[in-house]
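Student: Take a look at the following structure, please.
In structure tokens form, the structure reads like this:
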């Protein structure tokens, strides 16, 4: 049996020696990737390989996270991957996430891929309610997310219901109001239509600019206890350390900016913070587990390092990245302007073509009407000619009858001498004949006048016919097809120091250089964390959205976060104004306040 066990152990050892690679699955906000890694790879080797795959150069914000027991941990760069507490599975699952966040995304983020990864992670955190977002801000953020995905709003393409399958609002916001999905889509679309002309990158940046003012943005929370045993929350972010009550993650009770902290260390479960002011006592707190202390220390070191880097001179690599980013954005801006100009010229050409088509149709209608008028004129002329001929024949016949009546009168005069009686009779007949002859003569003259008038009408009809033919010839000979030339579009080129950290491995602690601390205390730099007021247009949008949906709110469904946010809004308290107010107090008073909680 012993020999069989030894053989089995030897076989396992042989397999380990033969296995020179292992598989790792990297999950991101966009997609999952799988890599084959060498056994000797350290955390930095794997991390650099992932960053090269993304084309990511701003690597200091990110890390590889994995789950361990009931918490999370970040892959250490200086240790072999397989020597760490990564999941014992094949492939090993690691999450590529932002570990540290910028104070001001617009000023600090350089690469578009960095901005896109932050956008996806912050969006997911808001939708999963890891970051509290008020309803009116949720609608505005959703509209920028739609702009980033779909581009400019087109009512013909983006018909009602096109957002039905999109996940755009936190569940607590949807449940808080008595509104249907169609009503939410209508309000999101109304804001979305106002973002016309923004590119995907611009829409994502606007999203981050709004999100970074949310109270829970980029804050890592940990349960701690002070000396009195009071349970509290420690918040670690880009600005410093914050102490919260467990049921209020929006408004810290006290804060300690990074420039006021000289040393951070822990011994087992006890954490010690040494302020820059040496007259102020060290304040301590306890966390639940040693692993949590390690995580807190990592976040503190990384955030403080970035805090110093922001307030120092840019490295040569950063200067090159910013120059390349400016050139790339200028190139994209020129391309957008050219594309916009071409689109505008195409629209103008299409409008000119439509106008010419309408003119052609109008000319065709005019030609058709003129042709019909010509045909009517020809028919009228033929009819008048026929009437004139009939009138002439009637006049000739009447003249002949008048001549016959005159001859009859002469014959009667000759025979009138026969007798007086006959003469009287003849005179009477002659008188009647004269009257008849006179009437016939008048009728003949009238008929002759009518015939003359008909001849005049016939001539006028012939002239109308000639004019109609001339007009038809003019209409059919018209041609006008302008060809606009596209001018070349313009192509405008778009174109305090803090203490350094030094680590002393005494109970896993690190210190800042005392000389640098003194220099920091003498140098009062203007805090970059002052609240930057949002633009008037953004405030109006948020207030308008809040007013529109306020009447549909169901008060009984308000969460504690909603109540706290409403209270802060009524008090005029924001994330930045509260931080500034808390840091105006002396460090000593804040430490005393923390210990008395």
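In my numbering, the protein residues as written are 35 to 631. Glycine included, each C-beta is placed from N, C-alpha and C at the ideal position.
Who does residue 259 pair with in a DSSP beta bridge?
Tutor: Here residue 259 refers to the residue found at position 225 when the chain shown is read from its first residue. Beta-bridge pairing links residue 259 to 265, 320.
Student: Could you pull the DSSP bridge partners for residue 97 from this structure?
Tutor: Here residue 97 corresponds to residue number 63 of the chain shown, with the count starting at 1. BP columns for residue 97 point to 131.
Student: Quick one, are the C-beta atoms of residue 580 and residue 170 less than 9 angstroms apart?
Tutor: Here the question's residue 580 lines up with position 546 in the chain shown. Here the question's residue 170 lines up with position 136 in the chain shown. Taking 9 angstroms as the Cβ cut-off, residue 580 and residue 170 qualify as a contacting pair.
Student: How many angstroms separate the CA atom of residue 254 from the CA atom of residue 65?
Tutor: Walking along the chain shown from the start, residue 254 turns up at place 220. Walking along the chain shown from the start, residue 65 turns up at place 31. Cα to Cα, residue 254 sits roughly 25 angstroms from residue 65.
Student: Taking just the CA atoms, how far does residue 429 sit from residue 501?
Tutor: Numbered from 1 along the chain shown, position 467 holds the residue referred to as residue 501. Numbered from 1 along the chain shown, position 395 holds the residue referred to as residue 429. Roughly 32 angstroms separates the two Cα atoms.
Student: What first and last residue would you give for the beta strand (DSSP E) that runs through residue 276?
Tutor: Reading the chain shown from its first residue, position 242 is the one you call residue 276. It spans 274-278 - the beta strand (DSSP E) in which residue 276 sits, taken as one unbroken run.
Student: Under the three-state reduction of DSSP, which class applies to residue 196: helix, strand or coil?
Tutor: For the purposes of this step, residue 196 is identified with residue 162 of the chain shown, where counting begins at 1. In this structure, residue 196 counts as coil in the three-state DSSP scheme.
Student: Check whether the Cβ atoms of residue 599 and residue 249 sit closer than 9 angstroms, and answer yes or no.
Tutor: Residue numbering aside, residue 599 sits at position 565 when the chain shown is read from its first letter. Residue numbering aside, residue 249 sits at position 215 when the chain shown is read from its first letter. Taking 9 angstroms as the Cβ cut-off, residue 599 and residue 249 qualify as a contacting pair.
Student: For residue 240, is the classification buried or exposed, using 16 other Cβ atoms within 10 angstroms of its Cβ as the cut-off for buried?
Tutor: Indexing the chain shown from 1 puts residue 240 at position 206. Buried is the call here.
Student: Taking only the alpha-carbon atoms, compute the straight-line gap between residue 394 and residue 507 and give it to the nearest angstrom.
Tutor: Residue numbering aside, residue 394 sits at position 360 when the chain shown is read from its first letter. Residue numbering aside, residue 507 sits at position 473 when the chain shown is read from its first letter. Rounded to whole angstroms, residue 394 to residue 507 spans 15 angstroms at the Cα level.
Student: Under DSSP, the alpha helix (DSSP H) around residue 166 begins and ends at which residues?
Tutor: For the purposes of this step, residue 166 is identified with residue 132 of the chain shown, where counting begins at 1. Element bounds for residue 166: n/a, residue is neither H nor E.
Student: Please list the segments of the alpha helix (DSSP H) lying wholly inside the segment 412-439, counting only runs of 4 or more residues, in order along the chain.
Tutor: Runs of the alpha helix (DSSP H) inside the segment 412-439: none found.
Student: Would residue 272 and residue 340 be called neighbours here (beta carbons separated by less than 9 angstroms)?
Tutor: Sequence index remark: in the chain shown, residue 272 carries index 238 (1-based). Sequence index remark: in the chain shown, residue 340 carries index 306 (1-based). It is a contact, given that the beta carbons lie within the stated cut-off.
Student: Cβ atoms of residue 174 and residue 586: under 9 angstroms apart, would you say?
Tutor: Counting from 1 along the chain shown, the entry for residue 586 is found at position 552. Counting from 1 along the chain shown, the entry for residue 174 is found at position 140. Cβ atoms of residue 586 and residue 174: not closer than 9 angstroms.
Student: Let me know the secondary structure DSSP gives residue 138 once reduced to three states.
Tutor: By one-based count along the chain shown, residue 138 stands at place 104. Three-state DSSP puts residue 138 in coil, outside helix and strand.
Student: Which two residues bound the contiguous alpha helix (DSSP H) that contains residue 245?
Tutor: The count along the chain shown starts at 1 and reaches residue 245 at position 211. Looking at the DSSP string, the run of the alpha helix (DSSP H) that includes residue 245 is 234-245.
Student: For residue 206, which three-state DSSP category applies?
Tutor: Translated into positions along the chain shown, residue 206 becomes position 172. Three-state DSSP puts residue 206 in a helix.
Student: Considering residue 158, what are the terminal residues of the alpha helix (DSSP H) in which it resides?
Tutor: Sequence index remark: in the chain shown, residue 158 carries index 124 (1-based). From DSSP, the alpha helix (DSSP H) with residue 158 extends over 146-161.
Student: Can you look up residue 297 in the DSSP assignment and give me helix, strand or coil?
Tutor: Within the chain shown, numbered from 1, the residue matching residue 297 stands at position 263. Strand.
Student: Name, in chain order, the residues that DSSP records as bridge partners for residue 107.
Tutor: In the chain shown, counting from the first residue as 1, residue 107 sits at position 73. BP columns for residue 107 point to 100.
Student: Check this for me: beta carbons of residue 178 and residue 583, under 9 angstroms apart or not?
Tutor: Within the chain shown, the letter at position 144 stands for residue 178. Within the chain shown, the letter at position 549 stands for residue 583. For residue 178 and residue 583, no; Cβs fall outside 9 angstroms.
Student: Please classify residue 294 as buried or exposed, where buried requires at least 16 other C-beta atoms within 10 Å of its C-beta.
Tutor: The residue you call residue 294 lines up with position 260 of the chain shown. Label assigned to residue 294: buried.
Student: Please confirm whether residue 304 and residue 313 have their CB atoms less than 9 angstroms apart.
Tutor: Against the chain shown, residue 304 aligns to sequence position 270. Against the chain shown, residue 313 aligns to sequence position 279. Not a contact, by the Cβ cut-off of 9 angstroms.
Student: Is the Cβ-Cβ distance between residue 229 and residue 187 less than 9 angstroms?
Tutor: Within the chain shown, numbered from 1, the residue matching residue 229 stands at position 195. Within the chain shown, numbered from 1, the residue matching residue 187 stands at position 153. Against a cut-off of 9 angstroms, the Cβ pair of residue 187 and residue 229 comes out as a contact.
Student: Mind checking which residues open and close the alpha helix (DSSP H) that includes residue 220?
Tutor: Locating residue 220 in the chain shown gives position 186, counting from the first residue. Looking at the DSSP string, the run of the alpha helix (DSSP H) that includes residue 220 is 215-227.
Student: Which one or two residues does DSSP pair with residue 57 in a beta bridge?
Tutor: If you number the chain shown from 1, residue 57 lands on position 23. DSSP lists 70 as partners of residue 57.
Student: Return yes when the C-beta of residue 624 is under 8 angstroms from any heavy atom of the ligand FAD, and no when it is not.
Tutor: The ligand FAD is absent from the structure shown, which contains no ligands of any kind.
Student: What three-state label does DSSP hand residue 270 in the structure shown?
Tutor: Numbered from 1 along the chain shown, position 236 holds the residue referred to as residue 270. Three-state result, residue 270: strand.
Student: By the 10 Å Cβ neighbour count, where 16 or more other Cβ atoms means buried, how is residue 148 classified, buried or exposed?
Tutor: For the purposes of this step, residue 148 is identified with residue 114 of the chain shown, where counting begins at 1. Under this definition residue 148 is a buried residue.
Student: Would you list the one or two residues that DSSP bridges to residue 577?
Tutor: Within the chain shown, residue 577 is the residue found at index 543, counting from 1. According to DSSP, which records beta bridges pairwise, residue 577 is partnered with nothing at all.
Student: Could you spell out the range, first to last residue, of the beta strand (DSSP E) harbouring residue 289?
Tutor: One-based indexing of the chain shown puts residue 289 at position 255. Looking at the DSSP string, the run of the beta strand (DSSP E) that includes residue 289 is 288-291.
Student: Is residue 79 closer than 9 angstroms to residue 72 when the C-beta atoms are compared?
Tutor: Numbered from 1 along the chain shown, position 38 holds the residue referred to as residue 72. Numbered from 1 along the chain shown, position 45 holds the residue referred to as residue 79. It is a contact, given that the beta carbons lie within the stated cut-off.
Student: So, residue 242 versus residue 144, is the Cβ gap smaller than 9 angstroms?
Tutor: Here the question's residue 242 lines up with position 208 in the chain shown. Here the question's residue 144 lines up with position 110 in the chain shown. Their beta carbons are not under 9 angstroms apart, which means residue 242 does not touch residue 144 by this criterion.
Student: Could you check what DSSP says for residue 304 in three-state terms: helix, strand or coil?
Tutor: Counting from 1 along the chain shown, the entry for residue 304 is found at position 270. It is a strand residue.
Student: Helix, strand or coil for residue 124, going by three-state DSSP, please let me know.
Tutor: As a first step, residue 124 is located in the chain shown; it is residue number 90 there, counting from the start. Looking at residue 124 - three-state DSSP - the assignment turns out to be coil, as it is neither helix nor strand.
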